[in-house]
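Asker:
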Amino acid sequence: VQGLIDSYPSCAEIIDDIISECTGTINQRLAGFMNS
627 VQGLIDSYPS CAEIIDDIIS ECTGTINQRL AGFMNS
């Protein structure tokens with residue numbers, strides 16, 4: 627398990643990626659909602 631974890635970026639980087647993806651999706655939906 628340790629080797630598997632080491633092969634990935636740090637947990638913080640993974641969490642940041644997930645948050646930015648979620649934020650981008652939410653912003654797109656909000657923009658679409660505002661424009662309609």
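Every letter in the sequence shown is one number past the one before it in my numbering, and letter 9, counting from 1, is 635. Glycine residues also receive a C-beta, built at the ideal position from the N, C-alpha and C atoms.
Rounded to whole angstroms, what is the Cα-Cα separation between Asp643 and Cys637?
Answerer: In the sequence shown, counting from the first residue as 1, residue 643 sits at position 17. In the sequence shown, counting from the first residue as 1, residue 637 sits at position 11. Those two C-alpha atoms are separated by around 10 Å.
Asker: Do you know how far the Cα of Ala657 is from the Cα of Glu647?
Answerer: Position 21 of the sequence shown, counting from 1, holds the residue named residue 647. Position 31 of the sequence shown, counting from 1, holds the residue named residue 657. Taking the straight line from one Cα to the other gives about 15 Å.
Asker: Helix, strand or coil: which one does DSSP assign to Ser636?
Answerer: Residue 636 sits at position 10 when you count from the first residue of the sequence shown. Here Ser636 sits in coil by DSSP.
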